[in-house]
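Asker:
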Amino acid sequence: MSDHLNLFEMASSQFKKAADLINLNPMVRTILSEPQNEIIVNFPVTMDDGTHRLFKGYRIQHNNTHGPYKGGIRFHESVNLAEVKALASWMTWKSALMGIPFGGAKGGVTLNPRNFSPAELQRITRRFTYALGNNIGPEYDIPAPDVGTGAREMVWMMDTYMQMFNASERNQTRRVVTGKSLINGGSLGRDKATGQGLVFCFDVWSQHAGFEIKGSTFFVQGYGNVGSHAARIMQARGARLLAANDHTGSIGNADGIDAEDLAAYVAQKGGVKGYPRAKEIALTEFFHTKADVFIPAALECTVNASTDSLIQAKFVVEGANGPTTPEAEQTLAKRGITVIPDILANSGGVTVSYFEWVQNKNSEIWDLEKVDEELNRVMTRATLGVIQEMKARKCDPRTAAMALAVGRLEKIYMERGIFP
Ligand code: GLU
3 MSDHLNLFEM ASSQFKKAAD LINLNPMVRT ILSEPQNEII VNFPVTMDDG
53 THRLFKGYRI QHNNTHGPYK GGIRFHESVN LAEVKALASW MTWKSALMGI
103 PFGGAKGGVT LNPRNFSPAE LQRITRRFTY ALGNNIGPEY DIPAPDVGTG
153 AREMVWMMDT YMQMFNASER NQTRRVVTGK SLINGGSLGR DKATGQGLVF
203 CFDVWSQHAG FEIKGSTFFV QGYGNVGSHA ARIMQARGAR LLAANDHTGS
253 IGNADGIDAE DLAAYVAQKG GVKGYPRAKE IALTEFFHTK ADVFIPAALE
303 CTVNASTDSL IQAKFVVEGA NGPTTPEAEQ TLAKRGITVI PDILANSGGV
353 TVSYFEWVQN KNSEIWDLEK VDEELNRVMT RATLGVIQEM KARKCDPRTA
403 AMALAVGRLE KIYMERGIFP
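Take this note's numbering: the last position of the sequence shown gets the number 422, and nothing is skipped along the way.
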């Protein structure tokens, strides 16, 4: 994971490649090459034992020309400025590519949530929200869950933000965050949205490539929200899960692993390690799993110089943000392996976040069928667009997706110009 430190350089090199390809206007290239705002806060929190600790939190607002800043909040011990900048820029491309009226942002706090009690996590989340103050807002910057956070943290953020308003205004601030629990204004289908969107995207891609999901095999890295939902939905399509890996270890079973049963086990035990109906395998063996599809759904840069040559799959479908380094991507391309890029494949999360935001704004509640149908429509449109762009420009899938996204932002800037 040595590439971790240079995540913004990695994101910048992807941007440069697409910008060169479409001959991006120099003014727009300059503007998009750095985030608009970089907010760093150090905030104190009282621990359960009465001592105090200072935490470092980030909110990077990359771009808001396509709509309000939008993107998740990550709680992880490796959160750092370069990482959050990269993740924020990917959100900008994601929203533009999907055609949803948001910009891009990302936030995080450098901590390992497993080391804190729920009461401490609540105080950390609330104090971080307070420290961000007016830097977030329902029409300005809208956080959501990411690695290490979920509906629980989003409801704490919402409640804290609401306290800054009069009672009569509070309901209209509910949509300051998305990914909330259902009872607190969340959307049906948001929980599984990233995994669901990934499979909707792969439905279209595989049909186009003449590949049948039914009867195929796959393996998943990261069995959290994204990985476990993607696995269960792939299984419902008739595909078989052969191996899984997470922070606790790797497991495999050539006869197949029941994705539902494994999800129930992980929910109870906190990881895949010790799962009784598979055997423990080494990380190299995991990457070498003989399966058709690999879904990296953990952290960035896991498909790198030391793992790329092990992968035997035909498709790498990126559930995580930035899982493939540019060098590994080249190696995979040479070996005929297709990488379906993050900004397309994992954008179901932010897409259903948008649906949640719209429902809150209009005081509506959509049923699950409507959410899934709309998500499928957005994913299908974007996937077909990327395939078409790839052919037209004779480039790889990521560069095609980036070219579409950056091209849309260029159009906005060319029409608007810059002030003054
Ligand atoms: N954190 C998710 C992502 O990386 C979701 C963002 C959102 O819903 O705003 O796409």
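Think of the CB as a built atom: it goes at the ideal place given N, C-alpha and C, for glycine as much as any other residue. Model, not experiment: these values are computed from the prediction.
Give the straight-line distance between the Cα atoms of V157 and G212, rounded to the nearest whole angstrom.
Answerer: Computed Cα separation, rounded: 43 angstroms.
Asker: Can H68 and K87 be called in contact, C-beta distance under 9 angstroms?
Answerer: Contact: no.
Asker: From the DSSP output, which residues share a beta bridge with E331?
Answerer: Answer is none; E331 lacks a bridge partner.
Asker: Would DSSP call G418 helix, strand or coil?
Answerer: This sequence places Arg at residue 418; Gly is not what is there. Residue state, collapsed to three classes: helix.
Asker: So, are the CB atoms of S189 and V352 less than 9 angstroms apart?
Answerer: Their beta carbons are not under 9 angstroms apart, which means S189 does not touch V352 by this criterion.
Asker: Ends of the alpha helix (DSSP H) at T196?
Answerer: Unbroken alpha helix (DSSP H) run through T196: A195 to A211.
Asker: What separation, rounded to the nearest whole angstrom, lies between the Cα atoms of L89 and S311?
Answerer: Cα to Cα, the separation comes out at about 26 angstroms.
Asker: So, is H231 buried or exposed, given that buried needs 16 or more other C-beta atoms within 10 angstroms?
Answerer: Label assigned to H231: buried.
Asker: Measuring from the CB of C93, is there a heavy atom of ligand 1 at a distance below 8 angstroms?
Answerer: Residue 93 is actually Met in this sequence, not Cys. True, at least one ligand heavy atom lies under 8 angstroms from that Cβ.
Asker: Out of I259, F317 and L411, which one is the CA nearest neighbour of E214?
Answerer: The candidate whose alpha carbon is nearest that of E214 is F317.
Asker: Compare the beta carbon distance of R400 and P325 with 9 angstroms and say whether it is the shorter of the two.
Answerer: Not in contact: R400 and P325 (Cβ atoms no closer than 9 angstroms).
Asker: Straight-line CA distance for N173 to Y356?
Answerer: Taking the straight line joining both Cα atoms gives about 17 angstroms.
Asker: Give the C-beta separation of F104 and P140 to the nearest angstrom, bearing in mind that I take them to be a contact with Cβ-Cβ under 8 angstroms.
Answerer: About 12 angstroms separates the two Cβ atoms, so there is no contact after all.
Asker: Three or more C-beta pairs under 8 angstroms: does that hold for the region 15-22 against the region 396-415?
Answerer: Result yes; three or more Cβ-Cβ pairs closer than 8 angstroms.
Asker: Quick one, are the C-beta atoms of S252 and V274 less than 9 angstroms apart?
Answerer: Going by C-beta atoms, S252 is nearer than 9 angstroms to V274.
Asker: Confirm, please, whether the CB-CB distance from T112 to K58 is below 9 angstroms.
Answerer: Yes, the pair counts as a contact, with Cβ atoms nearer than the cut-off.
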